[in-house]
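**Q** Order-wise, the sequence lines are chains A and B.
Residue numbering for the first sequence follows full-length UniProt numbering, beginning at 1 and increasing consecutively.
Residue numbering for the second sequence follows full-length UniProt numbering, beginning at 1 and increasing consecutively.
Here a beta-carbon is modelled for each residue, glycine too, at the ideal position from N, C-alpha and C.
There are 2 protein chains.
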Amino acid sequence: MLTKSSTELVRQRNSVLVLSVLRRHGQLAHTEISDFTGLSSATISAITTELEKAQIIEKSEQQAASGRGRPRVLLRQRRDCGYLIVVIISSDAVQYSLVDYAGKLIDRFSEERSHDPSGAGRFVQAVRTGLSRILDRSKISQEKVLLISISSKGLVNSTEPVLVWSPIFGSDQIDFESALRPEWQAKVILDNETLLVAAALGAREEIVKGADFRSLAALSLGHSIGLGIVRRGNETGQEVSAPNFGHMLHMAGGGLCRCGTRGCIEAYAGFYAILRSAFEVPLDTIPAKFVPVAELDKIAARARQGHRTSTFAFRQAGLALGNGLSRMLSLTERMPISITGPGTRYYDLLRQGIEEGLGQSHIVRMEGMPEIRVVPDEPILVFEGHLNRALSVIDQDIVISGVQGGE
Amino acid sequence: MLTKSSTELVRQRNSVLVLSVLRRHGQLAHTEISDFTGLSSATISAITTELEKAQIIEKSEQQAASGRGRPRVLLRQRRDCGYLIVVIISSDAVQYSLVDYAGKLIDRFSEERSHDPSGAGRFVQAVRTGLSRILDRSKISQEKVLLISISSKGLVNSTEPVLVWSPIFGSDQIDFESALRPEWQAKVILDNETLLVAAALGAREEIVKGADFRSLAALSLGHSIGLGIVRRGNETGQEVSAPNFGHMLHMAGGGLCRCGTRGCIEAYAGFYAILRSAFEVPLDTIPAKFVPVAELDKIAARARQGHRTSTFAFRQAGLALGNGLSRMLSLTERMPISITGPGTRYYDLLRQGIEEGLGQSHIVRMEGMPEIRVVPDEPILVFEGHLNRALSVIDQDIVISGVQGGE
DNA sequence: GATTATTTTCTCGACAGTCGAGAAATTTGA
DNA sequence: TCAAATTTCTCGACTGTCGAGAAAATAATC
Chain A
1 MLTKSSTELV RQRNSVLVLS VLRRHGQLAH TEISDFTGLS SATISAITTE LEKAQIIEKS
61 EQQAASGRGR PRVLLRQRRD CGYLIVVIIS SDAVQYSLVD YAGKLIDRFS EERSHDPSGA
121 GRFVQAVRTG LSRILDRSKI SQEKVLLISI SSKGLVNSTE PVLVWSPIFG SDQIDFESAL
181 RPEWQAKVIL DNETLLVAAA LGAREEIVKG ADFRSLAALS LGHSIGLGIV RRGNETGQEV
241 SAPNFGHMLH MAGGGLCRCG TRGCIEAYAG FYAILRSAFE VPLDTIPAKF VPVAELDKIA
301 ARARQGHRTS TFAFRQAGLA LGNGLSRMLS LTERMPISIT GPGTRYYDLL RQGIEEGLGQ
361 SHIVRMEGMP EIRVVPDEPI LVFEGHLNRA LSVIDQDIVI SGVQGGE
Chain B
1 MLTKSSTELV RQRNSVLVLS VLRRHGQLAH TEISDFTGLS SATISAITTE LEKAQIIEKS
61 EQQAASGRGR PRVLLRQRRD CGYLIVVIIS SDAVQYSLVD YAGKLIDRFS EERSHDPSGA
121 GRFVQAVRTG LSRILDRSKI SQEKVLLISI SSKGLVNSTE PVLVWSPIFG SDQIDFESAL
181 RPEWQAKVIL DNETLLVAAA LGAREEIVKG ADFRSLAALS LGHSIGLGIV RRGNETGQEV
241 SAPNFGHMLH MAGGGLCRCG TRGCIEAYAG FYAILRSAFE VPLDTIPAKF VPVAELDKIA
301 ARARQGHRTS TFAFRQAGLA LGNGLSRMLS LTERMPISIT GPGTRYYDLL RQGIEEGLGQ
361 SHIVRMEGMP EIRVVPDEPI LVFEGHLNRA LSVIDQDIVI SGVQGGE
C-alpha cells in the first residue's frame, strides 16, 4: 500500500541523508555535504543549523586548512549526543561494548558463559547485570543510552527482538524487549550474527563499487552454519536477511542434527558433524554439545596427509554447503559469496566439495560458478555490522523524534 | 545509498497515490479520494485539476446521487489516455490482449504456436506480427500504446525484458526490448508467469487483510514448475520475485531434467516426470517434450484406484515439492502457499507427499505446517497480475513524464 | 600594509507543495 | 421560499528547496 507524502517528510529524509554522509565520511564542511548529498547549499545551512540547535551535531574547532579563501568549518556528530551498547553473544562468552554516537569504542569487556543448558532465564539475568555493569563503569546516565544492539547465532524474529531458535537454547525463546524494558528505555534490536557480517561486507562493497553493487551473501562456518544475504534496496539503503540456512534440509532422512531434525546442512557441515563423520560414528548419533577447535585441527591435519575418512568428512561437508548454496542461488539472483568464520581455516579441504555441490545445479551450470571469497576475520565484521546498523537506526530515530524537541 | 528528496517528488508520489486509489476503487468523488489517501481536500483539488488538464482523468457525467447536499462529481481515468498490450506466452499458444487505460479488455485473440524447437528467431518474428495484428484490428495509433507486458514461464532477467531460460527455448535468450524497439516506442516489460500469479494473489490478499498482509507464495504445477513470492515492501507497495524453483536441486545425481541437469525438482514433479516414474522408465531417460493432460489423467485414475506405481509417482512428486518448499521457507519467512496450475487436479494425490516433504525440515517442525490453499483458475490470475503490474507502471510513468507536458 | 582574488558560509526572495478554514455551490426537505 | 446538508473550491499560512548574490575570512600580490 502506498502512503501519502508531505513536505515535512522531505525534510526528515534529507536530514537523515545529511547524518548518513557525515557518518560515512567523518567530519565534513558545509560544501562537502552539499556535494555528497546533492542538496543545495542553502538547504544544508537550514538542516545543519537545525541539527546543531538540537545538539546532534557540532562545529569542530579543528579548522581544515584548505588553501586560500574563507576557511571551512567542519561539522561532526556530537559524541555525547547519545550512546550505544553492543552485545555480542557467542557460544562461549558474551561481549559488551559501549560506543558513543560518533562510533568510537569507549569501554568493552567479555564475560564467560556458563555452559549449563537449563538457563535461558538465568542467561537473560546475566545479560541484565552485564548491561548494568558497563553502564556503571562509564558513569553515563541511563537515558543517554539510545540503543542496545544484540547479536546471536540462530533464528531471529524479523520485526521484534526475539530469539526464536538458537544453537544453545533451542526453541527456548528469549524476548529481549520484554526482558530489558523494565530497566531500560533504550530501543532494543536483535540481529543474527551472520546477517551483520553480510551487512558489513555489503557496506564495504558499496563503498568500492558504488551504484554497481547489487547483492552479496556471507556464509559463516563454525560449530553452526550461518548465512546472511544483503541486497541493494530501491532507495532505502540495503536490505539484509538472515535465512535459517544451517537448518535447511540437505538430504531427507539424513544425519541427525543438533536441532533434532534429520538431514540439515549443519548435520553435515557443522564442526560436530565433520567430527562425527571423520570418526565414522553412525549418523544418527546425538551430536556433541561442543567440539574444541584443536580436535578439528587434528582431523584436518590428517586429511591433508591423505587420510581417507578425514578427507571424506570435509568433502561431505563441502557438498552439503555447495548444494545448499546452489539452492539459495536458485531462489535469489546470482551473487558473490564470502566465506567467513573459524571454519575458513579448513577451506582448502572444503573447497572441492563446495564447488562440486554447486556444480550439480541447473542455475550454476547456466550462469557459471559464483565468485567465492574467503574473509577470515569474522569478529571484526560482526562489530562493524553492529555499528553500521545501530548507528543508522539511531540517526533515523533521532531525526524523527528529537529535532524539534532539542531547543 | 540514500538519495535526496524534494517537494516536487512529494507531488509526484501523491499523484501516483491518487491514481492508484482511483484504479483500485473505480470512479471516485473528490471527498472519497481524500478519505482513501489521507490527503486534504485542498490537495486533492490541486492534484486532480492538474491530472484533468493533462487529460489523464476526467469528470464522469454520471452523477452519484448521494442524498441532499451538493452532488458529488465522480472522477475516473480517461480510457483513451493510453493503451496496454498483454502478451501471454504459454507452451502451446500466444495470447494477445488489448486493454485500455481503465483496465477494460478491448480485443483479444490467440495464435497457435509452432512446436518446432529451432525457432527462437522465428518466434520473435511471430510475436512482432501478432502485435501488429492486434493494433491494426483496433485502429488505435501506435503512439497510444504505452506499454507491452509480456509473460512466459522460465527465468527472466530482473531488470531488463530478457528471457534468460525457458522450457521451450532453453538457454536461447530472447531480448524483447531490442526485438521490439525498432517498431515500438512503448515500454516493454517481461515477467515470469507465476510471478504474476503471486502478484495477483497478493493484491487480492491485501484488499482482504489490509496492513496485516505480509507475504505469500504461489506454486504453479504443470508440465513445468513455477514459484512466485510476494512480500509487502516498506512503502513502495509489494515486492515480487520469481525464483528458479523448478530447477532448484532436489536430489544430487537424481533424475534427468529437461534442462539437462540431474535432480531438479521438475524432474520429479513436472508432468513428464510423473509419467516417467509411473511407467518405471529409468530416471536418466530423456524427458518427453510434451505430455497430453489426458495421459496424466489416466495415471491419476489408476492411482485413485490404488495402483501402486501410479500412486508412488505422485507421492514422489509431492515429496520433491514439499522438500523444495521447505527449503524455500528456510530462506524466507513463514508464509502461506497457494497452489495453482493444471496440476491442481491431482492435488488429492500429491498432498500427502507434499506435507511429508515439508515436515522433514527443521523450519516446519518448529513453526508448523504453512497454510496451503488450492486456487485452480490460473489463467485468470495471470491476466489479473498483468493488469495490476502494467497499469501501475503506466501510472508511474505517466505522472513522471506527462503531467506538465499535458497542457 | 593595503588590495585583490578566492573560497566558504550565510541570507533573501522565488517557487512548489500541503493543510485548515471557510466561502461558494447545489441539492433535499420543510 | 428558505434552511439544512453536503460537496467542491479558494485563500492564506506554513514548510521546504533552490539559485543568486551578499558577507565573511583567508592567501596571494603589489
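With a threshold of 8 Å, are at least 3 pairs of Cβ atoms found where one atom belongs to the stretch 276-289 of chain A and the other to the stretch 297-314 of chain A?
**A** The stretch 276-289 of chain A is in contact with the stretch 297-314 of chain A.
**Q** Specify, as a first and last residue, the run of the beta strand (DSSP E) that residue 103 of chain B falls within.
**A** For the purposes of this step, residue 103 of chain B is identified with residue 103 of the second sequence, where counting begins at 1. Where residue 103 of chain B is concerned, there is no enclosing beta strand (DSSP E), given that its DSSP letter is neither H nor E.
**Q** Given residue 17 of chain A, which residues of its chain have a CB within under 6 Å of its CB, disregarding the five upstream and five downstream residues?
**A** Residue mapping note: residue 17 of chain A aligns to position 17 of the first sequence, counting from 1. Hits under 6 Å: 37.
**Q** Could you name the residues of the stretch 284-316 of chain A whose beta carbon sits closer than 7 Å to any beta carbon of chain B, in the order they occur along the chain?
**A** Answer set for the stretch 284-316 of chain A: empty.
**Q** Enumerated in chain order, which unbroken segments of the beta strand (DSSP E) with a length of 3 residues or greater are wholly contained in the stretch 217-267 of chain B?
**A** Within the stretch 217-267 of chain B, the complete beta strand (DSSP E) runs of at least 3 residues are 225-232 and 238-241.
**Q** I'd like to know if residue 365 of chain A contacts chain B, where contact means its C-beta is closer than 8 Å to some C-beta of that chain.
**A** Taking the first residue of the first sequence as 1, we reach residue 365 of chain A at position 365. Judged by the 8 Å Cβ criterion, residue 365 of chain A is in contact with chain B.
**Q** Do you know whose CA, among B:128, B:156 and B:158, lies nearest residue 148 of chain B's CA?
**A** Here residue 148 of chain B is taken as the residue at index 148 of the second sequence, counted from 1. Nearest C-alpha to residue 148 of chain B: B:128.
**Q** Whole-angstrom Cβ separation of residue 58 of chain B and residue 78 of chain B, contact assumed at under 8 Å?
**A** The count along the second sequence starts at 1 and reaches residue 58 of chain B at position 58. The count along the second sequence starts at 1 and reaches residue 78 of chain B at position 78. Rounded, the Cβ-Cβ distance is 5 Å, consistent with contact.
**Q** Let's test the definition: count the other Cβ atoms within 10 Å of the Cβ of residue 85 of chain A and tell me whether it reaches 16, buried, or not, exposed.
**A** Stepping through the first sequence from its first residue, residue 85 of chain A is reached at position 85. Buried, because 16 or more other Cβ atoms sit within 10 Å of the Cβ of residue 85 of chain A.
**Q** Please report the residue range of the alpha helix (DSSP H) in which residue 204 of chain A lies.
**A** Taking the first residue of the first sequence as 1, we reach residue 204 of chain A at position 204. Note, residue 204 of chain A: alpha helix (DSSP H), 193-209.
**Q** Going along the chain, which residues of the stretch 10-33 of chain B sit with their C-beta nearer than 9 Å to a C-beta in chain A?
**A** Listed by position, the residues of the stretch 10-33 of chain B near chain A (Cβ gap below 9 Å) are 10, 11, 12, 13, 14, 16, 17, 20 and 21.
**Q** Are the Cβ atoms of residue 227 of chain B and residue 255 of chain B separated by less than 8 Å?
**A** To locate residue 227 of chain B, count along the second sequence from 1; it is residue 227. To locate residue 255 of chain B, count along the second sequence from 1; it is residue 255. Cβ atoms of residue 227 of chain B and residue 255 of chain B: not closer than 8 Å.
**Q** Determine the DSSP secondary structure at residue 317 of chain A, reduced to helix, strand or coil.
**A** Mapped onto the first sequence, residue 317 of chain A falls at position 317. Here residue 317 of chain A sits in helix by DSSP.
**Q** Quick one: list the residues of chain B neighbouring residue 4 of chain A, beta-carbon separation under 7 Å, in chain order.
**A** Looking up residue 4 of chain A in the first sequence gives position 4. Those within 7 Å of residue 4 of chain A in chain B are 14, 17, 37, 38 and 39.
**Q** Which bits of chain B does residue 252 of chain A rub up against, with CB to CB less than 7 Å?
**A** Numbered from 1 along the first sequence, position 252 holds the residue referred to as residue 252 of chain A. Going along chain B in sequence order, the residues near residue 252 of chain A (Cβ under 7 Å) are 323 and 360.
**Q** Does residue 190 of chain A get closer than 8 Å to chain B when you measure Cβ to Cβ?
**A** Within the first sequence, numbered from 1, the residue matching residue 190 of chain A stands at position 190. No, residue 190 of chain A lies away from the interface with chain B (no Cβ there is under 8 Å from its Cβ).
**Q** Ignoring anything shorter than 4 residues or poking outside the stretch 299-371 of chain A, list the alpha helix (DSSP H) runs there in chain order.
**A** As far as the stretch 299-371 of chain A is concerned, its whole alpha helix (DSSP H) runs of at least 4 residues are 308-331, 347-359 and 362-367.
**Q** Just verifying my parser: in three-state terms, what is the DSSP assignment at residue 275 of chain B?
**A** Within the second sequence, residue 275 of chain B is the residue found at index 275, counting from 1. Residue 275 of chain B: helix per DSSP, three-state reduction.
**Q** Can you list the residues of chain B that residue 244 of chain A reaches, using a CB-CB cut of under 8 Å?
**A** In the first sequence, the residue the question calls residue 244 of chain A occupies position 244. Going along chain B in sequence order, the residues near residue 244 of chain A (Cβ under 8 Å) are 330, 331, 362 and 363.
**Q** Using the rule of at least 16 other Cβ atoms within 10 Å of the residue's Cβ for burial, across every protein chain shown, is residue 373 of chain B buried or exposed?
**A** Position 373 of the second sequence, counted from the first residue, corresponds to residue 373 of chain B. Exposed: under 16 other Cβ atoms inside 10 Å.
**Q** At a threshold of 7 Å, does residue 102 of chain B count as lining the ligand NAP (C-beta to nearest heavy atom)?
**A** The model on display carries no ligand, and the ligand NAP is accordingly not part of it.
**Q** Suppose contacts are defined by Cβ-Cβ distances below 8 Å. Is residue 31 of chain B in contact with residue 72 of chain B by that definition?
**A** As a first step, residue 31 of chain B must be located in the second sequence, where it is residue number 31. As a first step, residue 72 of chain B must be located in the second sequence, where it is residue number 72. A contact, by the Cβ cut-off of 8 Å.
**Q** Say whether the stretch 335-342 of chain B touches the stretch 218-233 of chain B, bearing in mind that this needs 3 or more beta-carbon pairs closer than 8 Å, one atom from each stretch.
**A** Because the criterion of three Cβ pairs below 8 Å is met, the stretch 335-342 of chain B and the stretch 218-233 of chain B touch.
**Q** Quick check on the burial criterion: 16 or more other C-beta atoms within 10 angstroms. Buried or exposed for residue 245 of chain B?
**A** On the second sequence, residue 245 of chain B is found 245 positions in, with the first residue counted as 1. With 16 or more other Cβ atoms within 10 Å, it is buried.
**Q** If I follow the unbroken alpha helix (DSSP H) through residue 32 of chain A, where does it start and stop?
**A** Here residue 32 of chain A corresponds to residue number 32 of the first sequence, with the count starting at 1. 30-37 is the extent of the alpha helix (DSSP H) around residue 32 of chain A.
**Q** Are there 16 or more other CB atoms within 10 angstroms of the CB of residue 153 of chain B, so buried, or fewer, so exposed?
**A** The residue labelled residue 153 of chain B in the question sits at position 153 within the second sequence. So residue 153 of chain B counts as buried.
**Q** Does residue 5 of chain B pass the burial test, meaning 16 or more other C-beta atoms within 10 Å, or should it be called exposed?
**A** Within the second sequence, the letter at position 5 stands for residue 5 of chain B. So residue 5 of chain B ends up on the buried side.
**Q** Among B:208, B:159 and B:198, which one has its Cα closest to the Cα of residue 188 of chain B?
**A** Here residue 188 of chain B corresponds to residue number 188 of the second sequence, with the count starting at 1. Checking every option, the nearest Cα to that of residue 188 of chain B belongs to B:159.
**Q** Considering only their Cβ atoms, is the gap separating residue 202 of chain A from residue 230 of chain A smaller than 8 Å?
**A** Here the question's residue 230 of chain A lines up with position 230 in the first sequence. Here the question's residue 202 of chain A lines up with position 202 in the first sequence. Against a cut-off of 8 Å, the Cβ pair of residue 202 of chain A and residue 230 of chain A comes out as a contact.
**Q** Which one or two residues does DSSP pair with residue 396 of chain A in a beta bridge?
**A** Along the first sequence, read from residue 1 onward, the residue named residue 396 of chain A stands at position 396. Paired residues: none, contrary to the question.
**Q** Hey, could you find the ends of the beta strand (DSSP E) residue 173 of chain B is sitting in?
**A** Working through the second sequence from its first residue, we reach residue 173 of chain B at position 173. That residue, residue 173 of chain B, is in no beta strand (DSSP E); it is neither H nor E in DSSP.
**Q** Does residue 105 of chain A pass the burial test, meaning 16 or more other C-beta atoms within 10 Å, or should it be called exposed?
**A** Your numbering for residue 105 of chain A matches position 105 in the first sequence. By the 10 Å Cβ count, residue 105 of chain A comes out exposed.
**Q** Applying a beta-carbon distance threshold of less than 7 Å, which residues of chain B neighbour residue 408 of chain A?
**A** The shown model of chain A, from 1 to 407, leaves out residue 408 of chain A, and the question about it has no answer.
**Q** If we define contact as Cβ-Cβ less than 8 Å, is residue 81 of chain B a contact residue for chain A?
**A** As a position in the second sequence, residue 81 of chain B is number 81, starting the count at 1. No, residue 81 of chain B does not count as interfacial toward chain A.
**Q** Just checking my contact of residue 107 of chain A with residue 134 of chain A at CB under 8 Å: how many whole Å lie between their CB atoms?
**A** The residue labelled residue 107 of chain A in the question sits at position 107 within the first sequence. The residue labelled residue 134 of chain A in the question sits at position 134 within the first sequence. With a Cβ gap of about 6 Å, residue 107 of chain A and residue 134 of chain A count as contacting.
**Q** With DSSP run on the structure shown, which of helix, strand or coil describes residue 187 of chain B?
**A** Locating residue 187 of chain B in the second sequence gives position 187, counting from the first residue. In the structure shown, residue 187 of chain B sits in a strand (DSSP, three-state: E or B).
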